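Residue numbers (my numbering): 6 to 115. As structure tokens, the structure follows; a few thoughts come after it.
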């Protein structure tokens, strides 16, 4: 897995490439932790190139729901493929996390 971070005036984007498994979820955790320290308020999580997510990766998303809320950080995931989106939906995470199909829709949602 690779992560690319893009800082714009309004939005901070985290792009995820490849598979998020137990080993690589540590890098995702570091990227989210960095967002907390930077005090960015509008985060886009680009999942367009996310091929697979294991429970450890899902745990990273879950673990940042409250810290982001406490710091008034809004974040939206977008571009999830059907396989990955199904995992989020089966676990009910689509009710806890904002998800959109496109980057444009994600930006509007924020």
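Beta carbons: idealized from backbone N, C-alpha and C, even for Gly. Source: prediction; values computed, not measured.
Of all the alpha helix (DSSP H) runs that stay within the bounds of the region 79-113, which reach a length of 4 or more residues? Along the length of the region 79-113, whole alpha helix (DSSP H) runs at least 4 residues long occupy 87-95, reported in chain order.
Three-way DSSP call (helix, strand, coil) for residue 76 in this model: In this structure, residue 76 counts as coil in the three-state DSSP scheme.
Just to confirm the assignment, what range does the alpha helix (DSSP H) spanning residue 115 have? No alpha helix (DSSP H) contains residue 115, which DSSP labels as neither H nor E.
Residue 36, buried or exposed, once every other Cβ within 10 Å from all chains shown has been counted against 16: Looking at its Cβ environment, which holds 16 or more other Cβ atoms inside 10 Å, residue 36 is buried.
Which residues in the same chain have their Cβ closer than 7 angstroms to the Cβ of residue 96, if we skip the five residues on either side of it in sequence? These residues qualify, in order along the chain: 63.
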